[in-house]
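Read the structure below first, then the notes.
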Amino acid sequence: MAATTFLETPQGRRLAYHKSEGAGSTVVFLGGLKSDMEGTKAVHLEDWARARGQAYLRFDYSGHGESSGRFEDGCIGDWHEDTVAAVSALTEGPLIVVGSSMGGWQALLLARAMPERIAGMVTIAAAPDFTEDGYWASFTDAQKEALETVGHVELPSDYMEPYIITKRMIEDGRTRLVLRSPLNLPFPVRFLQGTADTAVSTETALRLLEHAQGSDMHLLLVKDADHRFSDGPCLGLIERAVLEVMGAA
Numbered sequence: 151m152a153a154t155t156f157l158e159t160p161q162g163r164r165l166a167y168h169k170s171e172g173a174g175s176t177v178v179f180l181g182g183l184k185s186d187m188e189g190t191k192a193v194h195l196e197d198w199a200r201a202r203g204q205a206y207l208r209f210d211y212s213g214h215g216e217s218s219g220r221f222e223d224g225c226i227g228d229w230h231e232d233t234v235a236a237v238s239a240l241t242e243g244p245l246i247v248v249g250s251s252m253g254g255w256q257a258l259l260l261a262r263a264m265p266e267r268i269a270g271m272v273t274i275a276a277a278p279d280f281t282e283d284g285y286w287a288s289f290t291d292a293q294k295e296a297l298e299t300v301g302h303v304e305l306p307s308d309y310m311e312p313y314i315i316t317k318r319m320i321e322d323g324r325t326r327l328v329l330r331s332p333l334n335l336p337f338p339v340r341f342l343q344g345t346a347d348t349a350v351s352t353e354t355a356l357r358l359l360e361h362a363q364g365s366d367m368h369l370l371l372v373k374d375a376d377h378r379f380s381d382g383p384c385l386g387l388i389e390r391a392v393l394e395v396m397g398a399a
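For the working numbering, count along the sequence shown from 1 and bump the result up by 150.
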């Protein structure tokens, strides 16, 4: 496996990444909350892109994987800055953005920040606005008080150790919401969602589909697929979706 390379961002963060050179649009994988670039989907897509001779980029947000910083110190806005820095410094030309879970929110934020660069988008269990509609909306009065007094709360996860959710993450998330104002996606988009996902509901996927504006937008619901969306059939669906938005299917 190729050695990890690092990028120093304008904000002073050190991001770990793997980049494969190739032709055509660069496929950029944006991972989920507390995930890293060594996940099944990120590595599978890299192998798939290399076999096609397609340019590809995967990286770790700050506080994730091999990048600098602590997860507890980060927020949606920091990881958006990381995404913009990585894409700006490490890619040229059109992008095919693939965002998983929180990475789906990051993909939508990237579409607002640099719509001229994006040629297509695929999201997998996209979780836009989850800090507000998921965390804050479900917090008890005691948890909300803990945010104010302690500065964070711990939330259990079905997939890894508990999440530390900070007051900063909640407050910053409110400045990054994408489902409360126009969301224009003027390029081919494929939303993928499993019906057995316990982290992101099908209702969230439908809300995103109904809210976003675009002329080539599809939602694929996969019966019994969970949040990981990383078994063989699901990986095949991701490949097919990427080909569709590239116009190669």
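The beta carbon of each residue, even a glycine, is placed where N, CA and C say it ideally should be.
Could you name the residues that DSSP lists as bridge partners for Leu335? For Leu335, which the question treats as bridged, DSSP gives no partner whatsoever.
Relative to the C-alpha of Pro332, which candidate in Leu342, Arg357, Pro383 has its C-alpha closest? Arg357
Close Cβ partners of Asp366 (< 6 Å) along its chain, the five nearest in sequence each way excluded: Pro338
For the stretch 174-224, which segments carrying the alpha helix (DSSP H) assignment without a break, of at least 4 residues, lie completely within its bounds, in sequence order? 190-202
Have a look at the DSSP bridge pairing and note the partners of Phe400. This structure cannot speak to residue 400, because the chain is shown only from 151 to 399.
Grouping DSSP H, G and I as helix and E and B as strand, with all else coil, what is Val350? coil
Own chain residues within Cβ distance below 6 Å of Ala216, not counting five before or after: Contrary to the premise, residue 216 reads as Glu rather than Ala in this sequence. If we look at Glu216 and ignore the five residues flanking it on each side, its Cβ neighbours are Thr154, Ala166, Asp210.
Within the chosen definition, does the stretch 317-327 reach the stretch 265-285 through at least 3 CB pairs nearer than 8 Å? yes
Whole-number beta carbon distance between His214 and Ser185, since they are thought to touch under 8 Å: 7 Å
List the DSSP bridge partners of Ile268. Leu245
Can you name the residues that DSSP bridges to Tyr167? Thr155, Phe209
Name the DSSP beta bridge partners of Glu304, please? Ile314
Between Ile314, Arg200, Thr241, Thr290, which has its C-alpha nearest Gly301's C-alpha? Ile314
Inter-residue Cα distance where the pair is Met252 and Gly227: 12 Å
Compare the Cα-Cα distances from Thr176 to each of Val248, Phe341, Glu295 and report the closest residue. Val248
Residues sharing a beta bridge with Gln363, DSSP: Asn334
What did DSSP end up calling Ser251 once you bin it into helix, strand or coil? coil
Might you give, ordered along the chain, the residues of its own chain that have their beta carbon closer than 8 Å to the beta carbon of Ala399, omitting 5 neighbours on each side? With a pLDDT of only 49 at Ala399, under the threshold of 50, the placement of this residue in the model should not be trusted, and no figure is reported.
Please confirm whether Ala277 and Phe379 have their CB atoms less than 9 Å apart. no
Local Cβ density within 10 Å of Asp197, reported as buried at 16 or more and exposed below that: exposed
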